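In my numbering, the protein residues as written are 11 to 198.
Structure representation (structure tokens):
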């Protein structure tokens, strides 16, 4: 089961809790192309997303089109992912690149989460301004990670983070990623 449809372009807040059948939240397949084949921005009004107790959630974002318009998702400023047992990553690199307004990211109690941003081969051919380089969350002020025993990476190479605005980084029960933090997190 998937949550997103094209009819939700005015959506500002999404709260999904205890829905055992949900496997995908945002399926972006063909959601950003009009009849003329021109790309459209998707979810431009979305500000807050909370996902909790979704035991079958496999993807927050899936089936990314070949190009995601830069204004898509630019207003998303709060994302909380809690108790999503089989989720392996929160973002693909291309989705992460367009989240320029993200201020608060909370991820907790996701027992199989391996990375916040997926490896490039898991990218599903999303492209925003080419591959590699810095994924910049210019407005991210709070990153809260807790009870993520399999978390190995915030992000995989060749990407790096540059969080100029980060004020709060709180991590608990994330032993594997804390050991690797100096190699994977660059705060400027």
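Ideal Cβ positions, reconstructed from N, Cα and C, are used throughout, including at glycine.
Since the model is a prediction, treat every value here as computed from it, not as a measurement.
- In this chain, the beta strand (DSSP E) harbouring residue 27 covers 23 to 27.
- In the same chain as residue 28, and ignoring 5 residues on each side of it, the C-beta atoms closer than 6 Å to its own belong to 63, in chain order.
- Burial is judged here by how many other beta carbons sit within 10 angstroms of a residue's own beta carbon; residue 118 has at least 16 and is buried.
- Scanning 115, 53 and 120 for the CA closest to the CA of residue 36 turns up 53.
- As far as DSSP is concerned, residue 173 takes part in no beta bridge.
- Residue 163 is classed as buried because its beta carbon has at least 16 other beta carbons within 10 Å across all chains shown.
- Residue range 58 to 62 is occupied by the beta strand (DSSP E) that includes residue 62.
- With fewer than 16 other beta carbons inside 10 angstroms of its own, residue 174 counts as exposed.
- According to DSSP, residue 178 shares a beta bridge with 152.
- Within the DSSP bridge table, the entry for residue 91 names 61 and 117 as partners.
- Residue 185 sits exposed, since fewer than 16 C-beta atoms from the chains shown fall within 10 Å of its C-beta.
- Burial is judged here by how many other beta carbons sit within 10 angstroms of a residue's own beta carbon; residue 169 has at least 16 and is buried.
- Here residue 105 is near residue 83, since their CB atoms are less than 9 Å apart.
- In the DSSP assignment, no residue is bridged to residue 147.
- As computed with DSSP, residue 72 is found in a beta bridge with 37.
- Under the three-state reduction of DSSP output, residue 164 falls in the coil class, being neither helix nor strand.
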